[in-house]
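Numbering (the numbering used here), first residue to last: 7 to 384. Here a beta-carbon is modelled for each residue, glycine too, at the ideal position from N, C-alpha and C. Being a predicted model, the structure only gives us computed values, none of them experimental. For reference, the structure discussed in these notes is given below.
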Amino acid sequence: GWTGGVSIHPTALVHPDAVLGQNVEVGPFCTVGPEVVLGDRCKLAPGVHIFGCTRLGEDNSMLAGAILGSEEPGSTIIGSGNTFGHHSCVGVKCQDLKYHGEECFLIVGDGNDFREGVQIHRSSAANLKTKIGNRNLFMGGCHVAHDCHIGSRNIMANNTLLAGHVQVGDGAVLGGAVAVCPFCEIGSYVFLAGGSMVEGDVPACMRGKGDRASLQGVNFEGLKRNGFSVADVSLAQKACVELFRGAHRSDHELAQRAENMLESGAFGKWSGKSNGRESSKQTDYSASHGDRISTPLSEEGMFSPPRSLMYSSDGDNLISPAVMMLSSFIHARNPSRTPRPCGWRTSSAFAQSNTELEERLREVEAELTEIKEGVKNS
7 GWTGGVSIHP TALVHPDAVL GQNVEVGPFC TVGPEVVLGD RCKLAPGVHI FGCTRLGEDN
67 SMLAGAILGS EEPGSTIIGS GNTFGHHSCV GVKCQDLKYH GEECFLIVGD GNDFREGVQI
127 HRSSAANLKT KIGNRNLFMG GCHVAHDCHI GSRNIMANNT LLAGHVQVGD GAVLGGAVAV
187 CPFCEIGSYV FLAGGSMVEG DVPACMRGKG DRASLQGVNF EGLKRNGFSV ADVSLAQKAC
247 VELFRGAHRS DHELAQRAEN MLESGAFGKW SGKSNGRESS KQTDYSASHG DRISTPLSEE
307 GMFSPPRSLM YSSDGDNLIS PAVMMLSSFI HARNPSRTPR PCGWRTSSAF AQSNTELEER
367 LREVEAELTE IKEGVKNS
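This is how it looks when you write it as structure tokens:
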């Protein structure tokens with residue numbers, strides 16, 4: 007039997023080899039397999055089923071009908087403080103036709119909220135992992151396919167669909183019914199409007215919308231809500247105006263201009279190193295704002311951020327949005343990348359969009375001046 011205040015309903019089926027921490031509650035008609043580990047104070051509502059090699063940290067809540075894990079080889083590793091909504095399916099077998107029963111993995115961090123009917127799949131191969139960071143919100147009906155890497159503090163509204171191998175940074179917001187094609191990268195602090203169909207990379211700190219989504223400018227509202235200063239937002243606006251000024255450019259031309267802008271030092275400190283061939287710079291990667299799993303079940307360093315995230319030579323200082331955005335365009339020049347960045351607005355609206363950007367830039371600069379005057383007078 008189990009000790010430490012474990013409560014198991016008489017109708018639940020808990021294998022005697024399962025490991026249950028202190029004060030675990032198992033509700034009616036639940037099943038818990040022999041390789042399952044439940045941390046302290048985990049709560050299973052009626053009809054929860056946990057299969058295979060599935061390990062949960064402390065204080066996880068599983069609502070009625072939730073399914074965690076799979077009988078396939080491999081494992082599902084989950085941190086602490088997560089909530090799994092009614093009939094959510096987390097750590098189940100992938101839907102990739104190339105999968106033929108090899109080991110597959112899912113790793114989840116702390117404090118995530120998986121709402122009703124969310125589907126999170128394990129990886130499609132033994133050398134790959136599906137990874138989800140900390141404090142993300144997945145609203146009802148979201149789907150995260152095999153081998154996706156999701157950072158932390160993201161919000162995915164109802165029925166967001168991520169195909170296989172998609173990467174999402176930190177602090178992004180994806181509106182309802184957004185669909186992202188395989189291998190695309192959604193940078194940090196991106197906003198995608200509801201219903202966007204995304205078939206290319208969305209550089210960090212930008213907005214996108216539309217069927218075959220196009221870039222709409224800097225996500226200035228999202229940046230402010232994530233604690234970036236008015237000066238940071240203003241600098242990102244300036245970088246966007248400068249990058250897209252003039253006639254439409256190819257991906258390679260945009261990458262070269264972005265690199266020249268970063269090397270000028272006018273948009274923040276930037277460090278890069280040789281990458282050979284077409285790209286003369288490659289980002290230095292580091293941990294994302296300290297967001298790592300705190301549970302002992304975690305793997306050290308498994309939450310490396312997507313490639314668009316790059317930290318400045320200031321060490322631990324938060325990178326400026328302008329540097330983050332520009333480095334995303336340099337990354338797009340990498341010859342190994344299949345998806346290209348999403349295009350700018352249609353050519354007929356290009357001149358108008360540049361004017362809108364410059365008008366917004368003047369508004370931000372006026373706001374910055376007002377703040378500085380207020381500080382001076384105080």
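To the nearest whole angstrom, what separates the beta carbons of Asn165 and Phe197, a pair I think is in contact under 8 Å?
Incorrect: roughly 17 Å between the Cβ atoms, too far for contact.
If you compare alpha carbons, which of Phe335, Asp65, Thr60 is closest to Asp207?
Selection Phe335, Asp65, Thr60 evaluated against Asp207 yields Phe335 as nearest (Cα-Cα).
Is the separation between the beta-carbon of Val179 and that of Ile192 shorter than 8 Å? Not a contact, by the Cβ cut-off of 8 Å.
- Starting from Met212, follow the beta strand (DSSP E) in both directions and report where the run begins and ends. Run containing Met212: 212 to 215, per the beta strand (DSSP E) assignment.
So what's Met145 in DSSP terms, helix, strand or just coil?
Of the three classes helix, strand and coil, the one that applies to Met145 here is coil, per DSSP.
What I want to know is whether the C-beta of Leu62 ends up closer than 7 Å to one or more non-hydrogen atoms of the ligand NAP.
The ligand NAP is not part of this structure, which contains no ligands at all.
Who are the Cβ neighbours of Ser67 in its own chain at under 6 Å, not counting the five residues just before and after it? For Ser67, the CB contacts under 6 Å within the same chain, skipping 5 residues up- and downstream, are Lys49, Thr89 in chain order.
Residue burial classification, Glu248 (beta-carbon count within 10 angstroms, cutoff 16):
Of the residues assessed, Glu248 falls on the buried side of the cut-off, its CB having 16 or more other CB atoms within 10 angstroms.
### Query
For the beta strand (DSSP E) that contains Phe111, what are its first and last residues?
Note, Phe111: beta strand (DSSP E), 110 to 114.
Cβ distance (whole Å) where Val428 is taken to contact Leu62 below 8 Å | No answer is possible for residue 428: the residues shown for the chain start at 7 and end at 384.
- Within 10 angstroms of the Cβ of Gln101, are there 16 or more other Cβ atoms? Answer buried if so, exposed if not. Residue burial is scored here from C-beta neighbours: Gln101 has fewer than 16 other C-beta atoms within 10 angstroms and is therefore classed as exposed.
(message) For Pro22 and Glu205, I'd like the C-alpha separation in whole angstroms.
(response) C-alpha separation (whole angstroms): 48 Å.
- Message: By the three-class DSSP mapping on this structure, what secondary structure does Gln28 have?
- Response: The answer is coil: DSSP assigns Gln28 none of H, G, I, E or B.
Requested in this report: Could you tell me if Arg251 is buried or exposed, where buried requires 16 or more neighbouring beta carbons within 10 angstroms of its beta carbon?
Outcome: Flag for Arg251 reads exposed.
field: Proximity of Phe273 and Ser240 at Cβ, strictly below 8 Å
entry: Taking 8 Å as the Cβ cut-off, Phe273 and Ser240 do not qualify as a contacting pair.
### Query
Does the beta-carbon of Lys215 have 16 or more other beta-carbons within 10 angstroms, so that it is buried, or is it exposed?
It counts as buried.
task = Determine the closest residue to Gly10 out of Gln28, Val186, His258, Ala51, with distance taken between C-alpha atoms.
result = Per the Cα distances, Gln28.
- prompt: Which partner residues of Lys135 appear in the DSSP bridge assignment?
  reply: For Lys135, which the question treats as bridged, DSSP gives no partner whatsoever.
Quiz item: Applying the criterion that 16 or more other CB atoms from any shown protein chain within 10 Å of the CB defines a buried residue, is Asn118 buried or exposed?
Solution: The residue is buried, with at least 16 neighbouring Cβ atoms inside 10 Å.
Practice prompt. Kindly indicate which residue of Arg141, Gly87, Pro52, Ala264 has the alpha-carbon position closest to the one of His93.
Written response: Ranking the options by Cα distance to His93, first place goes to Pro52.
Practice problem: Starting from the C-beta of Val124, find all residues in its chain whose C-beta is less than 6 Å away, skip the five residues before and the five after it, and write them out in chain order. | Solution: Result list for Val124: Ser94, Phe144, Cys148, in chain order.
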